[in-house]
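Read the structure below first, then the notes.
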Amino acid sequence: LNLNNSIAAGCKNVTGTVTLSGPAPAAGVVVTLSDTLASASVPETLTILAGATAKTFTVKTVPVVTNEIGTVSATLGSNSLSQPLTVRPIGLTSVTLTPNSVVGGNAVVGKATLECNAAPNAILVDLASSNAAAKDLGVDIDIPPEEIGSRAGSNRDSGSFSVEVGAGEEVAAARAGTE
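According to our numbering, the residues represented by the sequence shown are 3 to 181, in order.
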């Protein structure tokens with residue numbers, strides 16, 4: 003049993019692979035799959051066809067507020083193998099600034115982007131400055147959660163901001179938590 007990631011955001015799928023020690027017999031082989039995480043789900047069984055030595059499956063995850071640690075297991079007869087899996091909260095993938103270079107005292111517009119739609123609650127992104135005297139820019143971005151039944155393409159994975167940048171400052175963002 004192998005998982006392509008041992009840590010995944012609670013919105014990203016993980017690919018698992020069950021590999022046999024030799025080719026499956028003419029009738030094929032049915033492997034039982036299970037997991038110990040409330041935030042992950044695997045198919046109940048995986049059928050490896052005759053002659054094949056491996057098959058992949060998808061571990062689906064859902065958003066979490068804190069890390070959830072558990073295992074994914076594959077059982078064939080009396081043999082069972084497990085791999086650890088941690089489902090973590092959704093994080094940031096990027097922060098962009100426009101313009102990306104300004105003279106101190108001018109404003110910059112930015113966008114913080116999450117790796118998936120905000121869930122299960124709104125996600126607060128805290129902005130900070132590299133200037134020790136101005137650590138808190140006084141700007142936080144509140145990205146609302148995905149609404150059940152919302153139309154596809156709704157903008158729930160990013161938030162915009164505008165701040166005044168002092169001379170020699172850099173702006174950074176970090177996920178601050180959920181509301």
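Backbone N, C-alpha and C define an ideal beta-carbon position, used for all residues, glycine too.
Straight-line spacing of the CA atoms in residue 77 and residue 92 works out to 31 Å. Here DSSP, grouped into helix, strand and coil, assigns residue 57 to strand.
Residue 18 sits in a strand when the DSSP states are folded into three classes. By the CB criterion at 8 Å, residue 48 and residue 62 fall outside the cutoff. Where residue 88 is concerned, the enclosing beta strand (DSSP E) starts and stops at 81-90. Secondary structure note for residue 78: its beta strand (DSSP E) is the uninterrupted segment 70-78. Closest by C-alpha distance to residue 83, out of 9, 20 and 8, is 20.
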